[in-house]
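Participant:
Shown next, in the form of structure tokens:
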């Protein structure tokens, strides 16, 4: 799951990025509003975490621009402002939730999960295909009741594949949703991760889930 974090406090950025990545999120982090707005309007994200007070372009204008562009990506606003008017304003502009600083990561994570449940409609936070199951909350994969041990990146790959089962996903689509903006698009890293994930799934499940579609990408079914 790919997250855009727009926050100018370096301490908060470091704290959130490390904790989100530990929860298997892929995080793009920027510290000024103009850059954040550009990324939000040119890339596909599963979630945007947005500070309301930013240099170059404030969070209010960014939120308005995202919704004005017709994008329904979930947005969680971070701010030091506690006034009811600010909260109402953010929600009216299209934010899905609002959290005041200081906050605990556990609270933010709970709010992220609540927001992501709305559009994704994940039943019990478990993705299922035949004997293969992926528990989003506990980060566990099982097949035929056997645990499949995955790295954080392999987990992100599998989650993306399972959410897009039956659809051919290109290398570019995988790069957009599983990797951050600093990834090298010309490396063979995607192929290596797919190969490793395929081996683990076939070893645990005795069947092939990931199919290569020549010239197009991969299909998970």
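In the numbering used here, the protein residues as written are 2 to 222. Glycine is no exception: its CB is placed at the ideal position from the N, C-alpha and C atoms.
(1) Please go through the same chain and pick out, in chain order, the residues whose beta-carbon is closer than 8 Å to the beta-carbon of residue 64, but skip the five residues on each side of it.
(2) Within 10 angstroms of the Cβ of residue 30, are there 16 or more other Cβ atoms? Answer buried if so, exposed if not.
(3) For residue 115, count neighbouring C-beta atoms within 10 Å of its own C-beta (all shown protein chains included) and say buried if the count is 16 or more, exposed if not.
(4) With DSSP as the reference, identify every bridge partner of residue 225, one or two as the case may be.
(5) Straight-line CA distance for residue 59 to residue 36?
(6) Compute the beta-carbon to beta-carbon distance between residue 151 and residue 142, rounded to the nearest angstrom, for a pair I have assumed lies under 8 Å.
(7) Where does residue 83 fall in DSSP's three states?
(8) Less than 7 Å between C-beta atoms, sequence neighbours within five positions excluded: which residues of the same chain meet that for residue 121?
(9) Run through DSSP, which three-state label would residue 218 get?
(10) Round the Cβ separation of residue 100 and residue 110 to the nearest angstrom and send it over; I've been treating them as touching at under 8 Å.
(11) Could you tell me which of 174, 54, 107 sits nearest to residue 83, measuring between CA atoms?
(12) Taking the C-alpha atoms as reference points, what is the distance between residue 196 and residue 61?
(13) Determine, using beta carbons only, whether residue 140 and residue 24 come nearer to each other than 9 Å.
(14) Can you tell me whether DSSP reads residue 63 as helix, strand or coil?
(15) Considering just the uninterrupted stretch of the alpha helix (DSSP H) at residue 21, what are its terminal residues?
(16) Restricting to Cα atoms, I'd like to know which of 57, 117, 81, 71 is closest to residue 103.
Facilitator: In short, the structure shows the following:
(1) Residue numbering aside, residue 64 sits at position 63 when the chain shown is read from its first letter. If we look at residue 64 and ignore the five residues flanking it on each side, its Cβ neighbours are 51, 76, 78, 91, 94, 95, 96.
(2) As a position in the chain shown, residue 30 is number 29, starting the count at 1. Residue 30 comes out buried.
(3) Taking the chain shown and counting its residues from 1, the one referred to as residue 115 is at position 114. Exposed is the call here.
(4) With the chain running from 2 to 222 in the structure shown, residue 225 is simply not present.
(5) For the purposes of this step, residue 59 is taken as the residue at position 58 of the chain shown. For the purposes of this step, residue 36 is taken as the residue at position 35 of the chain shown. Rounded to the nearest angstrom, the two C-alpha atoms are 11 Å apart.
(6) The residue given as residue 151 occupies position 150 in the chain shown. The residue given as residue 142 occupies position 141 in the chain shown. Going by Cβ atoms, the distance from residue 151 to residue 142 rounds to 6 Å, so yes, they are a contact pair.
(7) As a first step, residue 83 is located in the chain shown; it is residue number 82 there, counting from the start. Reduced to three states, the DSSP call for residue 83 is coil.
(8) Stepping through the chain shown from its first residue, residue 121 is reached at position 120. Note that residue 121 has pLDDT 47, beneath the 50 cutoff, so the model's placement of it is unreliable and no number is given.
(9) For the purposes of this step, residue 218 is taken as residue 217 along the chain shown, with counting starting at 1. Residue 218: strand per DSSP, three-state reduction.
(10) The residue labelled residue 100 in the question sits at position 99 within the chain shown. The residue labelled residue 110 in the question sits at position 109 within the chain shown. In fact, because the Cβ distance is near 11 Å, the residues do not count as touching under 8 Å.
(11) Mapped onto the chain shown, residue 83 falls at position 82. Among 174, 54, 107, the Cα nearest to that of residue 83 is on 54.
(12) To locate residue 196, count along the chain shown from 1; it is residue 195. To locate residue 61, count along the chain shown from 1; it is residue 60. In a straight line, the C-alpha of residue 196 is about 43 Å away from that of residue 61.
(13) Here residue 140 corresponds to residue number 139 of the chain shown, with the count starting at 1. Here residue 24 corresponds to residue number 23 of the chain shown, with the count starting at 1. Yes, these two residues count as a Cβ contact at 9 Å.
(14) The residue you call residue 63 lines up with position 62 of the chain shown. Here residue 63 sits in helix by DSSP.
(15) Mapped onto the chain shown, residue 21 falls at position 20. Note, residue 21: alpha helix (DSSP H), 11 to 23.
(16) Taking the chain shown and counting its residues from 1, one reaches residue 103 at position 102. The shortest C-alpha separation from residue 103 is found at 81.
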